[in-house]
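2 protein chains.
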Amino acid sequence: MDLSVAHDKLIKYITDRVHLNATEIEVIKEKFHLRKLSKKDYFVQTGSTNFQQGFVVSGALRVYYTDPKGNEHVMYFAFSDWWVGDLAGFHFNEAATLSVQALDESYILEVSKEDIEDMYIKVPALERLFRIMAQRTLAVLQKRFLLTISAHAEERYKELLQRHPGIEQLVAQHQIASYLGILPESLSRMKKKLYVSSPNKK
Amino acid sequence: MDLSVAHDKLIKYITDRVHLNATEIEVIKEKFHLRKLSKKDYFVQTGSTNFQQGFVVSGALRVYYTDPKGNEHVMYFAFSDWWVGDLAGFHFNEAATLSVQALDESYILEVSKEDIEDMYIKVPALERLFRIMAQRTLAVLQKRFLLTISAHAEERYKELLQRHPGIEQLVAQHQIASYLGILPESLSRMKKKLYVSSPNKK
DNA sequence: CGCGACGTTGATTTGCCTCAACGATTGTGG
DNA sequence: CCACAATCGTTGAGGCAAATCAACGTCGCG
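Dropping the structure here:
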């Protein structure tokens, strides 16, 4: 993965959403640094106070929470063109409660909170971009929250498959169970039940 | 409740967070319209396509979701200085999936999506304010989501009491149960259990 | 006053967890 | 490159938190 190719991908992502002039593009390129993660490497770990955000250029990652009992809960999976980081920690300057780990070799354009604040001044369009992104992410999280409290695991599983076809080829089953908020054993039993009662096989 | 008092409250809220000049203040005052809600009146109802947001000047409201089975789930309660509206519908221009209902007589400064978009141009500081608000709301919702999937109802109940002391005097018990994601019967049993095992009474 | 909304209590059910065991696959160090 | 270990998915037995269904007393209010 080449730095300029990564930068071009980021600039395309941004200019698809807001207008930038040539100077602004240069400012942005200076601030985002390419980082390679091997499988199982961490981009952010619980307790970190680095406050960075990352734009995923390629690869696959999981963003998860480790609760006080030590159980891990997947918040979301991230692929090309997604953003990763601990938003709560980032916003409140608190130690990260989330971790971000590569599920495969991944390339990420990393930016520090300081540099983002600096860019808000030098590139006002980013203020707009990040407002829109925050509002959209908020709307998406709200939907996920409402589904989680109103529907059983089986319904949430079907919704996931519908919203993200092919996810089962990309991430392991126990990661999907974690995303759904159930144990791997429960997902295994659920799939068996769905398969037996409605055998859409061969 | 007087319009100019309400406007002053809003302007104080905003200028506590970002800088405004006199002209900008006038633009904002023109866009926010005062609305009185009696107890049980709705500010937003499921299916609405008005895309308005509201700044709560006084009173108390509940923001809730009605699932396909007809069960209501309280997203949050709103009091003075909070914002209410269906953020998902607002952002995606979809019919509202949330409802906002007054629990007591309330006064709200209402603004349409159109006028907000207009203000982003005339008052750039609002772009920043709404970015910050969206990011903070997102961080708060993330914490709520993570607590919901990782902790039992009893722990969530204690967290609510700690974060919002006095909530039990402001809203009915079945509303609190709905916020916690459990049935009124379950909350009743839980309180009984907590009371018996740890009688902090007289 | 009378009705409806609210909170409580009881009996039973259920969705998912916990703990345990066991093949199958994957990965790795010698 | 193979042998062994670790990880993963599956299956079983039993348990628990909260839902469901039902009944009933109390209170506030039209």
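Heads up: the protein sequence lines correspond to chains C and Y, in order.
First residue of the first sequence: 1, per our numbering; consecutive thereafter.
First residue of the second sequence: 203, per our numbering; consecutive thereafter.
Backbone N, C-alpha and C fix where the C-beta goes; we use that ideal spot for every residue, glycine too.
*How would you label VAL265 (chain Y), buried or exposed, when you count the other beta carbons within 10 angstroms and need 16 or more for buried?*
One-based indexing of the second sequence puts residue 265 (chain Y) at position 63. It counts as buried.
*Should ASP320 (chain Y) be flagged as near chain C, meaning a C-beta pair shorter than 9 Å?*
Taking the first residue of the second sequence as 1, we reach residue 320 (chain Y) at position 118. Look at ASP320 (chain Y): its C-beta is not under 9 Å from any C-beta on chain C.
*Rounded to the nearest angstrom, how far is the Cβ of GLN175 (chain C) from that of VAL44 (chain C), given a contact under 8 Å?*
Numbered from 1 along the first sequence, position 175 holds the residue referred to as residue 175 (chain C). Numbered from 1 along the first sequence, position 44 holds the residue referred to as residue 44 (chain C). Incorrect: roughly 17 Å between the Cβ atoms, too far for contact.
*Using a Cβ-Cβ cut-off of 8 Å (strictly less than) and excluding sequence neighbours within five positions of SER240 (chain Y), which residues of its own chain qualify?*
Counted from its first residue, the second sequence places residue 240 (chain Y) at position 38. Contacts found: ALA304, GLU307.
*From C:SER99, C:PHE77, C:ILE121, C:LEU141, residue whose alpha carbon lies closest to that of SER58 (chain C)*: Residue mapping note: residue 58 (chain C) aligns to position 58 of the first sequence, counting from 1. The residue with the shortest Cα to Cα distance from SER58 (chain C) is C:PHE77.
*asked:* What does the alpha-carbon distance come out to for the pair LEU161 (chain C) and ILE167 (chain C)?
replied: The residue given as residue 161 (chain C) occupies position 161 in the first sequence. The residue given as residue 167 (chain C) occupies position 167 in the first sequence. Cα atoms of LEU161 (chain C) and ILE167 (chain C): separation of roughly 7 Å, rounded to the nearest angstrom.
*Exposed or buried, which one is LYS205 (chain C) when buried takes at least 16 other CB atoms within 10 Å?*
An answer regarding residue 205 (chain C) cannot be provided, because it is not within the stretch 1 to 202 covered by chain C.
*Taking only beta-carbon atoms, is LYS69 (chain C) less than 9 Å away from chain Y?*
The residue labelled residue 69 (chain C) in the question sits at position 69 within the first sequence. For LYS69 (chain C), the answer is yes, since a Cβ of chain Y falls inside 9 Å of its Cβ.
*Whole-angstrom Cβ separation of PHE294 (chain Y) and ALA22 (chain C), contact assumed at under 8 Å?*
As a first step, residue 294 (chain Y) must be located in the second sequence, where it is residue number 92. As a first step, residue 22 (chain C) must be located in the first sequence, where it is residue number 22. No, PHE294 (chain Y) and ALA22 (chain C) are not in contact; Cβ-Cβ is about 32 Å, not under 8 Å.
_Would ASN402 (chain Y) pass as an interface residue toward chain C - the criterion being a Cβ-Cβ separation below 9 Å?_
Here residue 402 (chain Y) is taken as the residue at index 200 of the second sequence, counted from 1. Residue confidence for ASN402 (chain Y) is low, a pLDDT of 46 falling below 50, so the modelled location carries little weight; the figure read from the coordinates is stated next. With 9 Å as the cut-off, ASN402 (chain Y) does not count as an interface residue toward chain C.
*Is TYR397 (chain Y) buried or exposed, if buried means 16 or more other CB atoms sit within 10 Å of its CB?*
In the second sequence, residue 397 (chain Y) corresponds to position 195, counting from 1. The residue in question, TYR397 (chain Y), is exposed, as its Cβ has fewer than 16 Cβ neighbours within 10 Å.
*How long is the line joining the alpha carbons of ILE351 (chain Y) and PRO184 (chain C), rounded to whole angstroms?*
Mapped onto the second sequence, residue 351 (chain Y) falls at position 149. Mapped onto the first sequence, residue 184 (chain C) falls at position 184. Their backbone Cα atoms lie some 15 Å apart in a straight line.
_Beta carbon of LYS36 (chain C) nearer than 9 Å to that of HIS7 (chain C)_ = The count along the first sequence starts at 1 and reaches residue 36 (chain C) at position 36. The count along the first sequence starts at 1 and reaches residue 7 (chain C) at position 7. No.
*Taking the Cβ atom as the reference point for each residue, do LEU109 (chain C) and ILE116 (chain C) lie within a distance shorter than 9 Å?*
As a working mapping, residue 109 (chain C) is identified with position 109 in the first sequence. As a working mapping, residue 116 (chain C) is identified with position 116 in the first sequence. Going by C-beta atoms, LEU109 (chain C) is not nearer than 9 Å to ILE116 (chain C).
*Would a C-beta distance cut-off of 9 Å place HIS235 (chain Y) and VAL325 (chain Y) closer than the cut-off?*
Within the second sequence, the letter at position 33 stands for residue 235 (chain Y). Within the second sequence, the letter at position 123 stands for residue 325 (chain Y). No, the pair does not count as a contact, with Cβ atoms beyond the cut-off.
*Label VAL5 (chain C) either buried or exposed according to how many other C-beta atoms from any shown protein chain fall within 10 Å of its C-beta, with 16 as the threshold for buried.*
On the first sequence, residue 5 (chain C) is found 5 positions in, with the first residue counted as 1. An exposed status is given to VAL5 (chain C), since fewer than 16 other beta-carbon atoms sit within 10 Å of its beta-carbon.
*Might you give, ordered along the chain, the residues of its own chain that have their beta carbon closer than 6 Å to the beta carbon of TYR179 (chain C), omitting 5 neighbours on each side?*
Against the first sequence, residue 179 (chain C) aligns to sequence position 179. Around TYR179 (chain C): VAL74.
_What does the Cβ neighbour count give for ILE384 (chain Y), buried or exposed, with the cut at 16 atoms within 10 Å?_
Counted from its first residue, the second sequence places residue 384 (chain Y) at position 182. That one is buried.
*Thinking C-alpha only, which one of C:GLY70, C:LEU98, C:GLN142 is nearest GLN205 (chain C)?*
The structure shown has nothing for residue 205 (chain C), since chain C only spans 1 to 202.
*Would you call THR339 (chain Y) buried or exposed, if buried means 16 or more other Cβ atoms sit within 10 Å of its Cβ?*
The residue you call residue 339 (chain Y) lines up with position 137 of the second sequence. Result: buried.
*Nearest neighbour of GLU154 (chain C), chosen from C:ILE132, C:LEU141, C:LYS191, C:ARG128 [CA to CA]*: Counting from one through the first sequence, the residue named residue 154 (chain C) turns up at place 154. For GLU154 (chain C), the closest of C:ILE132, C:LEU141, C:LYS191, C:ARG128 by C-alpha to C-alpha distance is C:LYS191.
*Taking just the CA atoms, how far does LEU187 (chain C) sit from TRP83 (chain C)?*
Position 83 of the first sequence, counted from the start, is the residue given in the question as residue 83 (chain C). Position 187 of the first sequence, counted from the start, is the residue given in the question as residue 187 (chain C). Linking TRP83 (chain C) to LEU187 (chain C) through their CA atoms gives a straight-line distance of about 28 Å.
*asked:* Here's the rule I'm using: 16 or more other beta-carbon atoms within 10 Å means buried, otherwise exposed. How should TYR157 (chain C) be labelled?
replied: The sequence position of residue 157 (chain C) within the first sequence is 157, counting from 1. Result: buried.
*asked:* Between ARG136 (chain C) and chain Y, is the shortest Cβ-Cβ distance under 9 Å, so that the two count as touching?
replied: The residue given as residue 136 (chain C) occupies position 136 in the first sequence. Between ARG136 (chain C) and chain Y, the shortest Cβ-Cβ separation is below 9 Å.
*asked:* Would PRO184 (chain C) pass as an interface residue toward chain Y - the criterion being a Cβ-Cβ separation below 9 Å?
replied: On the first sequence, residue 184 (chain C) is found 184 positions in, with the first residue counted as 1. With 9 Å as the cut-off, PRO184 (chain C) does not count as an interface residue toward chain Y.
*Out of curiosity, what's the CA-to-CA distance linking THR248 (chain Y) and ASP2 (chain C)?*
Reading the second sequence from its first residue, position 46 is the one you call residue 248 (chain Y). Reading the first sequence from its first residue, position 2 is the one you call residue 2 (chain C). Cα to Cα, THR248 (chain Y) sits roughly 49 Å from ASP2 (chain C).
_Contact set between GLN344 (chain Y) and chain C, taken where Cβ atoms lie within less than 8 Å_ = On the second sequence, position 142 is the one that residue 344 (chain Y) refers to. Below the 8 Å Cβ cutoff, chain C contributes MET75, LEU87, ALA88, LEU141 as neighbours of GLN344 (chain Y), in chain order.
*asked:* Within a Cβ cutoff of 6 Å, which residues of the same chain sit near THR66 (chain C), ignoring the five residues on either side of it in sequence?
replied: Indexing the first sequence from 1 puts residue 66 (chain C) at position 66. Excluding five sequence positions before and after THR66 (chain C), the CB atoms of its chain that fall closer than 6 Å to its own CB belong to THR46, GLU72, given in chain order.
*Just the chain Y side, please: which residues come within less than 7 Å of PHE92 (chain C) by C-beta, in chain order?*
Within the first sequence, numbered from 1, the residue matching residue 92 (chain C) stands at position 92. Within 7 Å Cβ-Cβ: ALA341.
*Within this structure, are the beta carbons of LEU343 (chain Y) and PHE145 (chain C) separated by less than 9 Å?*
Working through the second sequence from its first residue, we reach residue 343 (chain Y) at position 141. Working through the first sequence from its first residue, we reach residue 145 (chain C) at position 145. With respect to PHE145 (chain C), LEU343 (chain Y) sits close: the two C-beta atoms are nearer than 9 Å.
*So ALA290 (chain Y) packs on LEU372 (chain Y), CB below 8 Å; how close in whole Å?*
Looking up residue 290 (chain Y) in the second sequence gives position 88. Looking up residue 372 (chain Y) in the second sequence gives position 170. 26 Å between Cβ atoms; not a contact.
*Are the C-beta atoms of TYR195 (chain C) and some chain Y residue less than 9 Å apart?*
Residue 195 (chain C) sits at position 195 when you count from the first residue of the first sequence. Contacts with chain Y at 9 Å (Cβ-Cβ) do not include TYR195 (chain C).
*Once you ignore the five residues that flank VAL229 (chain Y) on each side, which residues in its own chain have a CB closer than 7 Å to its CB?*
The count along the second sequence starts at 1 and reaches residue 229 (chain Y) at position 27. For VAL229 (chain Y), the CB contacts under 7 Å within the same chain, skipping 5 residues up- and downstream, are MET321, LYS324, VAL325 in chain order.
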